[in-house]
Amino acid sequence: VPRGRLLPRTRCPADARALPAVSALLARVRALGPAHLVLGHGVHPHPGYAALAAQLVTFAGPWSRYRWARPPEWTAEHPAERFCHLVHSLPATRVEEALRLARWQGAGTVTLTDRRPREPQEPGGIGVFGALPGYWDEIVSRNGRGVSE
């Protein structure tokens, strides 16, 4: 069974110049054994990165930015399961809107939370996703137990 590996944004630049270095790093990771590789850019990277990993984190940030984000045209050439969005600081009243936006933007995986990062920002901005959102019980009661699978 392949294990998942996330290359955080601190190790994963998004520009074209870094493609060879990131590709070489991923080759070393693959040499360790099968892995579901995820590049955690947190922004839309150069299109060349799509060939390097199973999934790209193309958004990681607050709801205040997500609601106005627009995907570049090249993302439409790939299936939704190739893209992941991580949205924090999302009020419970905006969950449905955020899910609609994720579908419209072509993200097959989306993680939403009302939690806010501590100041200074946690490395990679992933720390806020370490616990379930405050409105989790409401989501489960509305949608059933299978929502986390």
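For reference, each letter of the sequence shown is one residue, going 35 to 183 in my numbering. For each residue, glycine too, the CB sits at the ideal point set by N, CA and C.
Minimum C-alpha distance to residue i - residue among the options
{"i": "residue 37", "options": "46, 68, 58, 57", "result": "68"}
{"i": "residue 70", "options": "79, 55, 86", "result": "86"}
{"i": "residue 108", "options": "101, 116, 102", "result": "116"}
{"i": "residue 111", "options": "128, 131, 81, 48", "result": "81"}
{"i": "residue 42", "options": "130, 54, 60", "result": "60"}
{"i": "residue 123", "options": "52, 141, 96", "result": "96"}
{"i": "residue 164", "options": "46, 83, 150", "result": "150"}
{"i": "residue 50", "options": "63, 40, 44, 84", "result": "84"}
{"i": "residue 169", "options": "162, 126, 143", "result": "126"}
{"i": "residue 106", "options": "121, 94, 140, 132", "result": "140"}
{"i": "residue 62", "options": "120, 39, 177", "result": "39"}
{"i": "residue 76", "options": "120, 166, 104", "result": "120"}
Span of the alpha helix (DSSP H), counted from its first residue to its last, around residue i
{"i": "residue 55", "result": "53-65"}
{"i": "residue 162", "result": "Counting along the chain, residue 162 falls outside any alpha helix (DSSP H), and DSSP gives it neither H nor E."}
{"i": "residue 176", "result": "170-177"}
Start and end residues, beta strand (DSSP E) containing residue i
{"i": "residue 144", "result": "143-146"}
{"i": "residue 43", "result": "Segment: none, residue 43 is in no beta strand (DSSP E) and carries neither H nor E."}
Euclidean distance between Cα positions of residue i and residue j
{"i": "residue 78", "j": "residue 174", "result": "31 angstroms"}
{"i": "residue 152", "j": "residue 57", "result": "32 angstroms"}
{"i": "residue 148", "j": "residue 129", "result": "10 angstroms"}
{"i": "residue 74", "j": "residue 90", "result": "6 angstroms"}
{"i": "residue 88", "j": "residue 65", "result": "16 angstroms"}
{"i": "residue 54", "j": "residue 72", "result": "17 angstroms"}
{"i": "residue 47", "j": "residue 172", "result": "37 angstroms"}
{"i": "residue 92", "j": "residue 114", "result": "11 angstroms"}
{"i": "residue 183", "j": "residue 143", "result": "Annotation note: pLDDT 45 at residue 183 (below 50); position unreliable, coordinate value reported separately. C-alpha separation (whole angstroms): 12 angstroms."}
{"i": "residue 177", "j": "residue 162", "result": "23 angstroms"}
{"i": "residue 159", "j": "residue 44", "result": "Residue placement at residue 159 cannot be trusted, given a pLDDT of 49 that sits under 50; what the coordinates show is reported in the next sentence. Taking the straight line from one Cα to the other gives about 10 angstroms."}
Inset, instruction - Could you tell me whether the region 133-143 touches the region 95-113, using the rule of 3 or more Cβ pairs below 8 angstroms? - result: yes
Legend entry - Length at least 4, wholly inside the region 61-136: the alpha helix (DSSP H) runs in chain order: 97-100
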